[in-house]
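Peer 1:
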Amino acid sequence: MKLFRRAAGFLLAGLLWVNDVTWAQEIRRAQPFNEPPVPRALPVDEATPPPDDRPSTPEEPTDKRQLDYANALFARKMYDLAIPEYEKYLSDYGGASGRANAYFGLGESYRLLGKNGSARTNFQKALDEYGDSEFAGPAAYALAVLAFSQKDFAAAQPLFHKAAAKSKDAAVA
29 MKLFRRAAGF LLAGLLWVND VTWAQEIRRA QPFNEPPVPR ALPVDEATPP
79 PDDRPSTPEE PTDKRQLDYA NALFARKMYD LAIPEYEKYL SDYGGASGRA
129 NAYFGLGESY RLLGKNGSAR TNFQKALDEY GDSEFAGPAA YALAVLAFSQ
179 KDFAAAQPLF HKAAAKSKDA AVA
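Numbering (this note's numbering), first residue to last: 29 to 201.
#1: Taking just the CA atoms, how far does phenylalanine 163 sit from lysine 105?
#2: DSSP state of alanine 33, grouped into three classes?
#3: What is the DSSP secondary structure of proline 166, reduced to helix, strand or coil?
#4: If you draw a straight line from the alpha carbon of tyrosine 138 to that of arginine 93, how long is it in whole angstroms?
#5: So, helix, strand or coil for valine 173, using DSSP?
#6: When the cut-off is 9 Å and only beta carbons count, does serine 137 lie next to chain B?
#7: Going straight from the alpha carbon of alanine 41 to that of arginine 56, what length do you get?
#8: What do you get for phenylalanine 38, buried or exposed, if any count of 16 or more other CB atoms within 10 angstroms of its CB means buried?
#9: If we count Cβ pairs, one from each stretch, closer than 8 Å, do we get three or more for the stretch 119-135 versus the stretch 95-102?
Below, the structure written as C-alpha cells:
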C-alpha cells in the first residue's frame, strides 16, 4: 500500500509540474539586432592650423601677474600657499611697485597662520621701507594689534596713532 501511495504521489507531482510548465507565460527574450557596427572615427586628413603664439589680449607684466597670483591665494584664504608666492615676488622683482603690498600680504599671511614673529618683521618692513604707501596705515595698525595682544601697551600706543595718521579713511583719522 505504501508503494501505491508513493507512486501516486510521484504521478500527481509530475502532472502538476507538466501543467505548470505548459501554463506558464512565455518569457520574451531580447533578440540580437542585426545591424552593422557604427564606423569608428577616422583622423582628419587636413592638418589643424598651429595656435597663435601670442594671445589676443595684451599681456600684463610678469611681476604684476606674480603679485596678483599671490593676492588671489590670499583672498581664497590659502595663506600657506600665498607665503611662498609673496616671497618669490619680493626676491625676483626688487624694484617693483607692489613691494609694499607684498610685505603687507606676507605679514597678514603669517599673522593669520599664527606666526607672529614673522608677521611683525614683514609689517615693520612695509612700514619702514614704504611709509608713504597705502599699506603703511594698515601695517602700523597690525603692528599695534600684535603689540597690544602681548600687553605691550607702551609700544602699541604710538603705532595706533601712526595708523590713524596714515589712514586714508576719514572715520579712522
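C-beta: ideal position from N, C-alpha, C; glycine also.
All values derive from a computational prediction rather than experimental measurement.
Peer 2: Once the coordinates are examined:
#1: 19 Å
#2: Correcting the residue type first, residue 33 is arginine in the shown sequence and not alanine. Looking at arginine 33 - three-state DSSP - the assignment turns out to be helix.
#3: helix
#4: Whole-angstrom Cα-Cα distance: 22 Å.
#5: helix
#6: The chain inventory of the structure shown lacks chain B, comprising one protein chain alone.
#7: 27 Å
#8: exposed
#9: yes
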